[in-house]
Structures are given as C-alpha cells and as structure tokens.
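Chemist:
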Amino acid sequence: MASDAVLLQNVTYSYNLGDSHRVDAIKDLSFSIEEGSFVALVGHNGSGKSTLAKLLNGLLLPTSGEVRIFGNSTLDCDKIYDIRKSVGMVFQNPDNQMIASIVEDDIAFGPENLGVEREEIIRRVEWALTKVGMLEYRKGTPFKMSGGQKQRLAIAGVLAIMPRILVLDESTAMLDPKGRSEVLKVAHELNRQEGITVIHITHFMEEALDADRLIVLNSGRVAFDGAPKEVFIHYDELKKIKLAVPWETQLAISLGRVGIDVGDGIVKEEELVEGLCRLL
Ligand SMILES: Nc1ncnc2c1ncn2[C@@H]1O[C@H](COP(=O)(O)OP(=O)(O)O)[C@@H](O)[C@H]1O
Ligand SMILES: [Mg+2]
C-alpha cells in the first residue's frame with residue numbers, strides 16, 4: 000500500500016513566548032493527504048496555516064504528536080534532509096525569494112547546493128523553466144519581472160530540487176488577478192502532469208474551487224474538510240470564521256436549494272449569468 004504523502008497524528012504546536020506564556024497555533028491536528036492530490040488549505044489570518052506549512056518540512060517540529068512525510072517522521076534526525084528535499088516551499092513575497100541576478104543561475108542554486116552534477120543541473124533548469132512557462136526568460140533578470148512571473152520562477156527554483164510535495168504558502172496573495180491565475184495554472188499542471196502533491200495555502204476561497212480537497216483551518220483546528228463544492232455549501236458558517244465564499248457561488252447554491260439549478264461550481268458573474276440564461 001502506498002504511504003500517504005502527509006500524515007499528521009495529534010499534532011500540536013505552541014510558540015513559546017517566555018514567562019510561561021505560549022500561543023497554541025496548531026491544536027491536536029490529525030489528517031492525511033493522499034499522494035498526487037491537490038489540496039487547498041484555507042483560513043483567515045492567524046488560523047495556523049504558515050505554522051502548519053513549516054511543520055510539513057521540518058522547519059518547525061511538533062510540540063506533541065507527529066508529522067510524517069511519505070512515512071518518515073520529521074522528528075527523525077536521519078530523515079530530515081530527505082524531508083526537506085521532498086517538500087518544496089514557495090512563500091508569499093515574490094521579491095525576496097530570488098538570489099541570483101540571472102534567471103537560470105537562480106534556478107540552478109538549489110541543485111548546486113545539493114551537489115548535483117553539472118549536466119543534470121542544466122537538464123533540471125531547462126525542465127523547471129519549461130514547466131512554469133518561463134524558458135524564454137532563462138538569460139533574463141528576475142528583478143524586472145511581474146509578480147506572477149517572479150512567483151513562477153520561485154516555483155521553478157523549488158522544482159529544480161525535484162520535490163514530491165509543493166507547498167505554496169499564500170504565494171498568490173500579493174499578486175494581481177492575472178498573476179494569481181498564472182501561478183494557480185502552473186500549480187495545477189504540475190499536479191496533473193508530474194504527479195506532484197500540491198498544498199495550496201490561500202485566503203482566496205475561489206482559488207480552492209479546482210482543488211481535489213479543501214481543508215479549512217480555524218484557530219489551529221480543521222473547521223471543514225471535503226470537496227470544495229461541499230464545503231462552500233456552509234457559507235454561513237464560513238462567514239462566521241471570516242471566510243468569504245464568492246457571492247455568485249452563494250447565490251447559485253441558494254437558488255439550487257429552491258429547485259433552480261443554475262449549474263455546479265459557479266464562482267464568477269459570467270458563469271451565473273450563463274446558468275440563468277440557460278434556464279430562461
Ligand atoms: N514566530 C511566532 N511567535 C509567536 N507566535 C507566532 C509566531 N508565528 C505565528 N504565531 C502565532 O501563531 C498563530 C498562527 O499563526 P500563523 O501560522 O502564522 O497563521 P496564518 O499563516 O494562518 O496567518 C497566530 O496566533 C500567530 O500570532
Ligand atoms: Mg501565513
């Protein structure tokens with residue numbers, strides 16, 4: 000039986016602030032993530048998303064409980080190197096994830112540090128840039144690029160290390176709608192074409208729609224966990240934990256409840272209008 004990509008068993012994480020003062024950021028969390036799935040992890044500010052992300056690659060170790068990546072515990076010192084390589088992380092700010100002034104040097108940085116052979120590095124750089132649709136910019140300089148392009152480069156930099164899990168921690172948060180959709184498209188392609196397990200952390204509910212699974216975090220615990228459409232149905236409760244389901248989705252669900260079926264998975268005005276027009 001294939002092991003889960005991620006397994007959390009009763010994981011608690013507390014930040015120790017001294018003077019016996021602590022913040023419980025993650026509280027007794029247990030769930031698993033299937034290899035090859037695309038999971039959206041959503042929660043308002045302070046719900047514990049980034050803490051969870053850091054627990055996944057061993058940047059933080061659980062205060063109690065255990066985090067397993069492909070069966071290996073982050074508490075196992077012998078495995079932490081493998082875990083760091085298998086969990087690639089991309090963060091929020093497109094401007095502080097680049098090291099070199101030439102795109103291809105930047106992408107090569109990760110594998111170079113791992114001692115990967117020259118030929119293999121060249122192959123990986125080309126592959127990673129192709130995967131994020133940035134091969135033509137290989138000789139360019141990252142600093143002049145758009146936010147969406149920079150985040151795609153950040154993803155390529157992580158890909159060059161050949162991770163099996165990609166964690167995007169609010170990597171779309173600082174981007175304009177075009178940049179957001181570019182990054183999301185790349186993440187979905189990597190999931191489908193390369194079988195990389197994607198954990199997309201976001202506070203944009205509509206970005207969760209195409210995920211296989213939506214996990215909603217609130218105060219360090221799972222509030223909802225299921226197919227996005229099934230979770231969206233609870234928009235009243237989601238509102239209480241400061242999460243907004245697109246109004247188009249809310250309206251479509253409400254209409255469905257009174258027998259007016261305008262279609263599934265509506266997040267945009269055009270889709271709602273289309274659904275209504277079809278009925279008329
Ligand atoms: N370095 C830290 N020191 C102390 N408390 C922290 C630290 N980082 C996060 N926290 C606290 O932990 C909780 C979860 O934070 P975080 O994981 O960053 O949530 P999110 O990413 O969902 O905004 C919050 O209450 C936050 O204030
Ligand atoms: Mg965060």
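Following numbering that gives the first Met the number 0, the numbering of the sequence shown begins with 0 at its first residue and continues without gaps. Ideal placement from N, C-alpha and C gives every residue a C-beta, glycine not left out.
Pick out the complete beta strand (DSSP E) segments inside the region 121-171, 3 residues or longer, and give them in chain order.
Modeler: The qualifying runs are 164-168.
Chemist: Could you round the C-beta distance between Ala-222 and Leu-213 to whole angstroms and report it? I think they count as a contact, below 8 Å.
Modeler: Residue mapping note: residue 222 aligns to position 223 of the sequence shown, counting from 1. Residue mapping note: residue 213 aligns to position 214 of the sequence shown, counting from 1. 11 Å between Cβ atoms; not a contact.
Chemist: Quick check: what's the CA-CA separation for Tyr-234 versus Asp-224?
Modeler: Residue 234 sits at position 235 when you count from the first residue of the sequence shown. Residue 224 sits at position 225 when you count from the first residue of the sequence shown. About 14 Å.
Chemist: Specify the secondary structure class of Ser-72 as computed by DSSP and reduced to three states.
Modeler: Mapped onto the sequence shown, residue 72 falls at position 73. Here Ser-72 sits in strand by DSSP.
Chemist: Mind pulling the alpha helix (DSSP H) runs of 4 or more residues that sit fully within the region 6-56?
Modeler: With a minimum length of 4 residues, the continuous alpha helix (DSSP H) runs that stay inside the region 6-56 are 48-55.
Chemist: Using the three-state DSSP reduction, which class does His-187 fall into: helix, strand or coil?
Modeler: Residue numbering aside, residue 187 sits at position 188 when the sequence shown is read from its first letter. The answer is helix: DSSP assigns His-187 an H, G or I state.
Chemist: By Cβ distance below 7 Å, which residues in the same chain neighbour Gly-194 in space, the five residues on each side in sequence not counted?
Modeler: Your numbering for residue 194 matches position 195 in the sequence shown. The answer, listed in chain order, is Gly-35.
Chemist: Please classify Glu-103 as buried or exposed, where buried requires at least 16 other C-beta atoms within 10 Å of its C-beta.
Modeler: Numbered from 1 along the sequence shown, position 104 holds the residue referred to as residue 103. Its Cβ being crowded by 16 or more others within 10 Å, Glu-103 is buried.
Chemist: Starting from the C-beta of Leu-174, find all residues in its chain whose C-beta is less than 6 Å away, skip the five residues before and the five after it, and write them out in chain order.
Modeler: As a first step, residue 174 must be located in the sequence shown, where it is residue number 175. Around Leu-174, the same chain offers Gly-146, Gly-147 as residues with beta carbons nearer than 6 Å, after the five sequence neighbours per side are excluded.
Chemist: Mind checking whether the beta-carbon of Tyr-14 lies closer than 7 Å to any heavy atom of ligand 4?
Modeler: As for ligand 4, it is missing from this structure, which binds only ligand 1 and ligand 2.
Chemist: Comparing alpha-carbon positions, which option in Asp-23, Ile-160, Gly-255, Val-5 lies nearest Ser-13?
Modeler: Taking the first residue of the sequence shown as position 1, residue 13 is located at position 14. Looking at the Cα atoms, Asp-23 is the closest of the given residues.
Chemist: Could you check the C-alpha separation between Ala-251 and Glu-181 for me, to the nearest Å?
Modeler: As a first step, residue 251 is located in the sequence shown; it is residue number 252 there, counting from the start. As a first step, residue 181 is located in the sequence shown; it is residue number 182 there, counting from the start. Cα to Cα, the separation comes out at about 26 Å.
Chemist: Within 7 Å: the Cβ of Ser-19 and any heavy atom of ligand 1?
Modeler: To locate residue 19, count along the sequence shown from 1; it is residue 20. No, ligand 1 has no heavy atom inside 7 Å of this Cβ.
Chemist: Run the CB neighbour count on Tyr-136, radius 10 Å, all protein chains shown included, and call it buried at 16 or more, exposed below.
Modeler: Start at 1 with the first residue of the sequence shown, and residue 136 comes out as number 137. Sixteen is the threshold: when 16 or more other Cβ atoms of the shown chains lie within 10 Å of the Cβ of Tyr-136, as they do, the residue is buried.
Chemist: Is there contact between the region 124-132 and the region 106-116, where contact requires at least three CB pairs shorter than 8 Å?
Modeler: yes
Chemist: Quick one: is the Cβ of Glu-116 within less than 7 Å of any heavy atom of ligand 2?
Modeler: Locating residue 116 in the sequence shown gives position 117, counting from the first residue. No.
Chemist: Start and end of the alpha helix (DSSP H) containing Gly-362?
Modeler: The structure shown does not extend to residue 362, since the chain is modelled only from 0 through 279, so no value can be given for it.
Chemist: Using the three-state DSSP reduction, which class does Val-272 fall into: helix, strand or coil?
Modeler: As a working note, residue 272 is residue 273 in the sequence shown. Helix at Val-272.
Chemist: Flag Ala-127 as yes if its beta-carbon sits less than 8 Å from any beta-carbon of chain B, otherwise no.
Modeler: Note that chain B does not occur in the displayed structure, where there is just one protein chain.
Chemist: Going straight from the alpha carbon of Gly-42 to that of Leu-242, what length do you get?
Modeler: Working through the sequence shown from its first residue, we reach residue 42 at position 43. Working through the sequence shown from its first residue, we reach residue 242 at position 243. The straight-line gap from Cα to Cα measures roughly 7 Å.
Chemist: Would you mind reading off the limits of the beta strand (DSSP E) that contains Leu-213?
Modeler: The count along the sequence shown starts at 1 and reaches residue 213 at position 214. Here the beta strand (DSSP E) through Leu-213 covers 212-217.
Chemist: If you draw a straight line from the C-alpha of Met-0 to the C-alpha of Asn-71, how long is it?
Modeler: The count along the sequence shown starts at 1 and reaches residue 0 at position 1. The count along the sequence shown starts at 1 and reaches residue 71 at position 72. Residue confidence for Met-0 is low, a pLDDT of 48 falling below 50, so the modelled location carries little weight; the figure read from the coordinates is stated next. Cα to Cα, the separation comes out at about 15 Å.
Chemist: Here's a check: name, in chain order, each residue in its chain whose Cβ is nearer than 7 Å to the Cβ of Glu-268, leaving out the five neighbours to either side.
Modeler: Numbered from 1 along the sequence shown, position 269 holds the residue referred to as residue 268. These residues qualify, in order along the chain: Glu-247.
Chemist: Between which two residues does the alpha helix (DSSP H) containing Val-89 stretch?
Modeler: Here residue 89 refers to the residue found at position 90 when the sequence shown is read from its first residue. From DSSP, Val-89 is part of no alpha helix (DSSP H) but of the beta strand (DSSP E) over 86-89.
Chemist: Grouping DSSP H, G and I as helix and E and B as strand, with all else coil, what is Val-197?
Modeler: Indexing the sequence shown from 1 puts residue 197 at position 198. Correct three-state label for Val-197: strand.
Chemist: Excluding the five sequence neighbours on either side, which residues of its own chain have a C-beta within less than 7 Å of the C-beta of Phe-90, listed in chain order?
Modeler: Within the sequence shown, the letter at position 91 stands for residue 90. Cβ neighbours of Phe-90 beyond the five flanking positions: Gln-96, Asp-168, Ser-170.
Chemist: Short of 8 Å in beta carbon distance, which residues of its chain neighbour Arg-151, apart from the five on each side in sequence? Order them along the chain.
Modeler: As a first step, residue 151 must be located in the sequence shown, where it is residue number 152. Within the same chain, Arg-151 has close Cβ partners Val-131, Gly-132, Met-133, Glu-181, Val-182, Val-185.
Chemist: With DSSP as the reference, please indicate the residues paired to Ser-180 in a beta bridge.
Modeler: Position 181 of the sequence shown holds residue 180. Ser-180 pairs with nothing; no bridge assigned.
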